[in-house]
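Beneath this line is the structure, given in structure tokens, with notes to follow.
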Amino acid sequence: MTESPTMVATIPFEPVRDILRTALDQLFHIEVTGMEAIPEKGGAILVCNHTDYLDAMIQGIYCSRRIHFLGKDELFRPDDQILEMLSMAPGWSHPVFSPVRLSVEALLRLYGLFHRSQLETWGGHPIKRAFKGESAKDAVSYYQEIEEQMLDLLAEGHLLSIFPEGTRTETGVMGPFKPMTARLALKARVPIIPSGIHGAFGFSDVRNFLSGEAFQRGIFYNVGHPILPSDFPKVEEGAAGEKAAARALTEDLQKQVYALTLHAERRSSAREVPRKTRARQL
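The opening residue of the sequence shown carries number 13 in the working numbering; numbering runs sequentially from there.
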């Protein structure tokens with residue numbers, strides 16, 4: 013989660029957001045409800061099930077606040093992936109193609125630099141999933157640093173988006189939530205805003221665009237009422253108490269997000285999940 017060492021000119025987010033929102037509204041059937049439940053200011057964590065690349069786009073485009081989001085490191089380095097594919101092409105490394113190869117590589121690196129700088133300008137923060145480093149100590153240190161940076165963002169009053177599953181679903185079924193979101197909220201004492209998306213699974217598959225299915229499906233994104241720090245489970249002293257509180261809050265959050273994905277097309281405003289699914293007191 014470090015900024016690009018070289019600064020390049022980037023495009024402001026607001027005009028791009030307005031253009032993209034108009035385009036999405038004209039081309040696709042997207043319904044968004046409950047955005048009024050997101051606090052207008054102050055640190056908060058927006059969570060959602062993760063079904064497609066479209067999920068984060070809908071959050072960023074339809075929310076009036078600037079959202080900071082975490083993304084896998086590969087999304088910030090498309091040049092690496094393109095060059096890797098080119099390196100496997102027959103004859104790519106042949107000396108006769110050297111002038112062309114060097115020019116293409118230089119252009120791709122320039123594009124990669126702009127792409128990374130643009131995502132960071134728009135609130136993106138790269139994270140290396142399953143980072144191991146040279147030792148277990150390196151991995152622990154890396155994830156502690158990420159957690160500290162996220163806590164700093166929340167302390168500064170930013171809105172942070174996290175997909176607690178850790179990755180996109182491969183089946184369309186919501187996966188188990190990891191406890192990181194709950195740990196952050198418990199430490200930062202900021203609201204968690206549950207949200208659920210339905211109908212976006214597989215949206216980015218090019219086959220859905222070629223067949224026209226992407227333009228016909230209904231996509232529904234619903235934001236629920238915030239879980240306030242006063243509703244968080246009590247944290248007992250010690251590491252065991254912290255883990256128990258994070259586990260209870262994670263279980264509650266997972267239930268609320270799942271509930272928000274059900275019958276989303278019937279809603280016109282934010283939904284409050286019944287009290288019985290709130291985090292239990294420890």
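For every residue, glycine included, the Cβ atom is placed at its ideal position computed from N, Cα and C.
Assign residue i to buried or exposed, taking buried as 16 or more other Cβ atoms, counted over all protein chains shown, within 10 Å of its Cβ.
i	result
Pro34	Note that residue 34 is Thr in the sequence shown, not Pro. With fewer than 16 other Cβ atoms within 10 Å, it is exposed.
Arg128	buried
Asp217	exposed
Gly72	buried
Val235	buried
Tyr233	buried
Arg195	buried
Gly103	exposed
Leu222	exposed
Pro138	buried
Leu272	buried
Leu165	buried
Met162	buried
Thr183	exposed
Asp37	exposed
Gly136	buried
Phe109	exposed
Ala252	exposed
Start and end of the beta strand (DSSP E) containing residue i?
i	result
Val235	Gly230 to Val235
Glu2	One cannot answer for residue 2 here, as it falls past the ends of the chain, which runs 13 to 294.
Ala257	Not the beta strand (DSSP E): Ala257 falls in the alpha helix (DSSP H), residues Ala251 to Thr273.
Gly208	Ile204 to His210
Val112	Element bounds for Val112: not the beta strand (DSSP E) but the alpha helix (DSSP H), Ser110 to Thr133.
Val59	Ala56 to Cys60
Leu82	Ile79 to Lys84
Ile139	Gly136 to Ile139
For residue i, I'd like the list of residues in its chain whose CB is within less than 6 Å of its CB, leaving aside the five on either flank, ordered along the chain.
i	result
Pro238	Pro203 and Ile205
Arg229	Gly211
Lys84	Arg141
Rounded to whole angstroms, what is the Cα-Cα separation between residue i and residue j?
i	j	result
Ile174	Pro107	46 Å
Glu117	Gln93	12 Å
Met186	Arg113	43 Å
Thr14	Leu125	Low confidence applies here, because Thr14 scores a pLDDT of 48, under 50, leaving its location unreliable; read the following figure in that light. Their Cα atoms are separated by approximately 13 Å.
Val247	Ala200	13 Å
Phe40	Leu66	12 Å
Gln266	Ser207	10 Å
Lys288	Val269	With a pLDDT of 43 at Lys288, under the threshold of 50, the predicted position of this residue should be treated as unreliable, and no value is reported.
Ile31	Met69	13 Å
Tyr155	Ala256	20 Å
Thr22	Phe227	30 Å
Phe215	Ile158	30 Å
Ala151	Gly145	6 Å
Glu225	Leu87	25 Å
Ser16	Tyr123	Low local confidence applies: a pLDDT of 47 at Ser16 is under 50, so the model's placement there is unreliable, with the coordinate-based value given in what follows. So the two alpha carbons sit approximately 13 Å from each other.
Leu274	Ile42	16 Å
Taking C-alpha atoms, which residue in the options lies nearest to residue i?
i	options	result
Ile50	Leu171, Gly83 and Ile139	Leu171
Arg121	Lys149, Arg89, Ala101 and Ser99	Arg89
Arg29	Pro102, Leu163 and Leu131	Leu131
Leu198	Ile31, Glu254 and Arg141	Glu254
Asn61	Leu240, Gly250 and Thr181	Thr181
Leu240	Leu36, Asp37 and Ile57	Ile57
Gly46	Val152, Trp134 and Tyr74	Tyr74
Trp134	Glu48, Ala258, Arg77 and Thr63	Arg77
Glu160	Pro24, Phe109 and Met192	Met192
Val310	Phe143, Leu82 and Glu52	Lying outside 13 to 294, the shown extent of the chain, residue 310 is not represented and no answer is given.
Val44	Ile231, Ile79, Pro24 and Asp264	Ile231
Closer than 8 Å by C-beta to residue i: which residues in its own chain qualify, once you throw out the five before and the five after it? Chain order, please.
i	result
Lys190	Pro176, Glu177, Gly178 and Thr262
Glu168	Gly55
Ser105	Ser99 and Arg113
Spatial neighbours of residue i within its chain, please: CB distance less than 7 Å, with the 5 preceding and 5 following residues excluded, ordered by chain position.
i	result
Glu26	none
With residue i as the anchor, note down where its alpha helix (DSSP H) starts and where it stops.
i	result
Ile94	Pro90 to Ser99
Leu196	Met192 to Ala200
Ser173	Premise fails: Ser173 lies in the beta strand (DSSP E), Leu171 to Ile174, not in any alpha helix (DSSP H).
Ile73	Leu66 to Tyr74
Measuring from the CB of residue i, is there a heavy atom of the ligand FAD at a distance below 6 Å?
i	result
Ile73	Although the ligand FAD was asked about, the structure shown includes no ligands whatsoever.
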